[in-house]
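In what follows, a single structure is set out as structure tokens and then discussed.
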Amino acid sequence: MSEDINNNLNNSDNSNGSNEKIIVGLDEAGRGPVLGPMVIASVKIDEKNLYKLNDLELKDSKQLSKKKREELYIIINEMCDVEKIVIDPETIDKQMEIINLNKIELGAFSKLSNHFIRENDNISIYIDACSSSEQSFSNQFKAKLINKNVEIIAEHKADENYKIVSAASIIAKVTRDRVIEEYKETFGEIGSGYPSDPKTKKFLKDYVYENRTLPKIARKSWATSKNLLKEIEESKIFQWVK
1422 MSEDINNNLN NSDNSNGSNE KIIVGLDEAG RGPVLGPMVI ASVKIDEKNL YKLNDLELKD
1482 SKQLSKKKRE ELYIIINEMC DVEKIVIDPE TIDKQMEIIN LNKIELGAFS KLSNHFIREN
1542 DNISIYIDAC SSSEQSFSNQ FKAKLINKNV EIIAEHKADE NYKIVSAASI IAKVTRDRVI
1602 EEYKETFGEI GSGYPSDPKT KKFLKDYVYE NRTLPKIARK SWATSKNLLK EIEESKIFQW
1662 VK
């Protein structure tokens, strides 16, 4: 499930340490795709160094070229404390049996945030709200934090309005893109992983019709996957009737 956060969480100091204010940005990549993981990223920087982000061309990762995202990914990692949680398709499917995607995301957001709060509770957390109501999202998020008094700024389009969230968006997007590239080494061309992508649809359909099952990189709980499996079952019945 996690790329590298678990060891860091387990080894984190439970004391608050420095009282110097820190700023944390949170965002995700890969909510909607039928293929691949959802990545949750956090970026932390001391408030006194926040101005350094203003010199970077930070914006919502989807508005940047792949080359620019890769360049900024390196700079952000050098400048900030970065953590990621990579939730694989199998884990998403298992969790979707009992909770929805928003709650999966909230759980990851809070896990990353609590990691930083344990180190220093003099913190402001900026987060891209993933539900229709910013206030409801903020309340649910705060309920999962170990300190309910930290400042939370939860807004729609936070990745466009706050550079610290833009930075987290870039980290999440590049991390997911790299996973997709690894998949391509095994499966060939799979597209972006989004259900609307013709390359993704072709890959999935070809794979399912050839193997009579979904690839391990697919989210089985997604409608695209379910519909393909239904097609297979119906084709079996049709062939049997013939």
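The sequence shown lines up with residues 1422 to 1663 when you count with our numbering.
Each residue gets a CB set at the ideal place from its N, CA and C atoms; glycine is no exception.
For Glu1610, collect the residues of the same chain with a Cβ closer than 7 Å to its Cβ; drop the 5 residues on either side in sequence, then sort them by chain order. Mapped onto the sequence shown, residue 1610 falls at position 189. Here the set comprises Lys1620 and Phe1624.
Starting from Tyr1628, trace the alpha helix (DSSP H) both ways and give me its first and last residue. Looking up residue 1628 in the sequence shown gives position 207. Where Tyr1628 is concerned, the enclosing alpha helix (DSSP H) stretches over Pro1619 to Asn1632.
Residue nearest to Pro1636 in terms of C-alpha spacing, selected from Ile1443, Ile1444, Gly1457 and Asn1440: Here residue 1636 refers to the residue found at position 215 of the sequence shown. The option with the nearest alpha carbon to Pro1636 is Gly1457.
Is the region 1578 to 1591 close to the region 1438 to 1449, with three or more CB pairs under 8 Å? yes
Quick one: any contact between the region 1547 to 1555 and the region 1571 to 1580, if contact means 3 or more CB pairs under 8 Å? These segments touch.
From the DSSP output, which residues share a beta bridge with Val1595? For the purposes of this step, residue 1595 is taken as residue 174 along the sequence shown, with counting starting at 1. In the DSSP output, where bridge partners are listed per residue, Val1595 has none listed.
Are at least three pairs of beta-carbons, each pair with one atom in the region 1470 to 1478 and one in the region 1597 to 1615, less than 8 Å apart? no
Opposite Val1455 in the DSSP bridges: which residues? On the sequence shown, position 34 is the one that residue 1455 refers to. Val1455 is bridged by DSSP to nothing; it lacks a bridge partner.
Measure the beta-carbon distance from Tyr1604 to Gly1453 and round it to whole angstroms, keeping in mind my assumption that it falls under 8 Å. Translated into positions along the sequence shown, residue 1604 becomes position 183. Translated into positions along the sequence shown, residue 1453 becomes position 32. Actually they do not touch by this definition, with Cβ atoms about 17 Å apart.
Residue span of the beta strand (DSSP E) that contains Ile1508, given as start and end: Looking up residue 1508 in the sequence shown gives position 87. Here the beta strand (DSSP E) through Ile1508 covers Asp1502 to Ile1508.
Taking 8 Å as the threshold (C-beta atoms), are Asn1543 and Asn1440 in contact? Working through the sequence shown from its first residue, we reach residue 1440 at position 19. Working through the sequence shown from its first residue, we reach residue 1543 at position 122. Against a cut-off of 8 Å, the Cβ pair of Asn1543 and Asn1440 comes out as a contact.
C-alpha gap between Lys1647 and Glu1518, whole angstroms: Sequence index remark: in the sequence shown, residue 1647 carries index 226 (1-based). Sequence index remark: in the sequence shown, residue 1518 carries index 97 (1-based). Their Cα atoms are separated by approximately 14 Å.
Could you check what DSSP says for Val1600 in three-state terms: helix, strand or coil? Locating residue 1600 in the sequence shown gives position 179, where the first residue counts as 1. In the structure shown, Val1600 sits in a helix (DSSP, three-state: H, G or I).
Grab me the residues of Glu1664's own chain with a C-beta within less than 8 Å of its C-beta, minus the 5 sequence neighbours each way, in chain order. What the structure shows of the chain is the stretch from 1422 to 1663, and residue 1664 is not part of that stretch, so it cannot be assessed.
Tell me where the alpha helix (DSSP H) around Tyr1472 begins and ends. Residue numbering aside, residue 1472 sits at position 51 when the sequence shown is read from its first letter. For Tyr1472, the enclosing alpha helix (DSSP H) starts and ends at Tyr1472 to Asn1475.
Whole-Å CB distance - Ile1653 paired with Tyr1628, under 8 Å assumed: Stepping through the sequence shown from its first residue, residue 1653 is reached at position 232. Stepping through the sequence shown from its first residue, residue 1628 is reached at position 207. That pair is no contact at about 11 Å.
Quick check: Lys1532 and Ile1506, are their CB atoms within less than 8 Å of each other? In the sequence shown, the residue the question calls residue 1532 occupies position 111. In the sequence shown, the residue the question calls residue 1506 occupies position 85. Yes, Cβ-Cβ distance for Lys1532 and Ile1506 is below 8 Å.
Quick check: does the Cβ of Asn1470 come within less than 7 Å of any heavy atom belonging to the ligand NAP? This structure does not include the ligand NAP; it has no bound ligands of any sort.
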